[in-house]
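S.K.: Position in the sequence shown counted from 1, then plus 1, gives you the numbering used here.
Below is the structure I would like to discuss, written out as structure tokens.
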Amino acid sequence: YGDMVFYTRSAGGYNEKMRIMSDGNVGIGTTSPQYRLTIASSTALTDGAGVAQWVTRNAGGNLYFATTTVEGTATTSTSALTINGSTGAISIATSTTGCLQTTAAGLVYSASCAAGSDPSIGGVLTGATAGSVLFAGSGTFAQDNANFFWDDSNNRLGIGTTTPYAKLSVHAQYGTNNSAAPLFSIASSTDAATTTLFTVLANGNVGIGTSNPSALLEVQTTSLSGFVGLVRGDYVGTGMSDGYAQFGIVNNNQTANNYAEIAFSDNGGGGSPSAALGTIFTSHGSDYGDMVFYTRSAGGYNEKMRIMSDGNVGIGTTSPFNRSWFLSRWLCQQHFQSFHHLHFHSISHFHSFCH
């Protein structure tokens, strides 16, 4: 067996330029052709003098199709078509690789093989997660599932979560730096707007009329007239047990003699109440309770009046022993100045009444 070789001399020396292998493979620019015709580096198509040539070349395992200068001595900087030998990515008339695919819509070229290729209805997208909502950035589609995701199986939308548990789930990472960040707001475009109607913060606080609620529920208005809140009902009963429009405050704890109350405070006292109306739960099992009235004075924040569950009323005492106790104490304090108005039959009757 033998190979036929062809040598020529040039400025680069006396070298082999072509070989015909014993198996019939022909190599130009290579001594080991693997195919019937193997041309090392590049080939050119010409249309004669004064016309640029078309050149195909292999560089670094990538296939390039480009034109030459008119003299045919160098290729232009940008190839008309490039095929990446490692990934198969194709670039057309650009140095940036893209992707050429055949889909149901036909032949489609996109900037990347990893990001979708056919955005039409019924088209095929590659590289996207099921449920992704795609965004068009600077000419390319992208997904941001951690911040915006559609659960198509359960028909739920997640903002800040990929596992929404309701029709609309809004989730934020709770922490020191963002506990007061709004999760949901109905307002204009700024948090300082006077038109803020409804806000839910990341810490669970809900504000109506404010963008920065300081409690679980804060209702705020600057209106000088009308109700801040209103509870309506349509009941025909005339007794307390017949049904009514009810506003309820419930203490879930069952500790004896614990409280539930409505407190009144101004904005200048640091939130400390000036007065309160409350209930002491004297028997959770029987639903018994005393109604108490608190006010704040120089002497502190103290109970001033109590209506016991049995009907006894006390002013200045927490344990009135009969329903007229507060009246009798007040009358006795008037001393003898109004003694003739008490209509007692004798001094002994008066002392008996006061003691």
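All C-beta atoms, glycine included, are put in the ideal place defined by N, C-alpha and C.
Give the DSSP bridge partners of residue 307, in chain order.
M.R.: 293, 315
S.K.: Does the distance from the C-beta atom of residue 66 to that of residue 47 stay below 9 Å?
M.R.: no
S.K.: Since residue 241 is in the beta strand (DSSP E), which residue starts that stretch and which ends it?
M.R.: Per DSSP, residue 241 belongs to no beta strand (DSSP E) and is neither H nor E.
S.K.: Give me whichever residues DSSP pairs with residue 183 in a beta bridge.
M.R.: 202
S.K.: Below 6 Å CB to CB, which residues in the same chain sit around residue 186 once its five sequence neighbours on both sides are set aside?
M.R.: 200
S.K.: If we ignore side chains and look at the alpha-carbon of each, how far apart do residue 211 and residue 202 end up?
M.R.: 11 Å
S.K.: So for residue 116, helix, strand or coil by DSSP?
M.R.: Reliability fails at residue 116, whose pLDDT of 46 lies under 50, so the model's placement of it is uncertain and the value that follows must be treated cautiously. Three-state DSSP puts residue 116 in coil, outside helix and strand.
S.K.: Does the beta-carbon of residue 20 have 16 or more other beta-carbons within 10 angstroms, so that it is buried, or is it exposed?
M.R.: buried
S.K.: If I follow the unbroken beta strand (DSSP E) through residue 11, where does it start and stop?
M.R.: 5 to 11
S.K.: Shortest alpha-carbon distance to residue 302 belongs to which of 204, 294, 12?
M.R.: 294
S.K.: Between the alpha carbons of residue 297 and residue 265, how many angstroms are there, rounded?
M.R.: 10 Å
S.K.: Any idea what DSSP makes of residue 37, helix, strand or coil?
M.R.: coil
S.K.: Considering only their Cβ atoms, is the gap separating residue 218 from residue 208 smaller than 9 Å?
M.R.: yes
S.K.: Relative to the C-alpha of residue 17, which residue among 24, 26, 25, 7 is closest?
M.R.: 7
S.K.: To the nearest angstrom, how far is it from the Cα of residue 346 to the Cα of residue 306?
M.R.: Caution applies to residue 346, whose pLDDT of 46 falls short of 50 and renders its modelled position unreliable; the value that the coordinates give is listed next. In a straight line, the C-alpha of residue 346 is about 31 Å away from that of residue 306.
S.K.: Do residue 285 and residue 257 have their beta-carbon atoms positioned less than 9 Å apart in this structure?
M.R.: Yes, the Cβ-Cβ distance between residue 257 and residue 285 is below 9 Å.
S.K.: Please state the DSSP three-state secondary structure of residue 18.
M.R.: It is a strand residue.
S.K.: As a quick exercise: from 237, 43, 23, pick the residue whose alpha carbon is nearest that of residue 30.
M.R.: Sorting 237, 43, 23 by C-alpha distance to the C-alpha of residue 30 places 43 at the top.
S.K.: Buried or exposed: which applies to residue 371, given that a residue is buried once 16 or more other Cβ atoms fall within 10 Å of its Cβ?
M.R.: Outside the shown range of the chain (2 to 356) lies residue 371, about which nothing can therefore be said.
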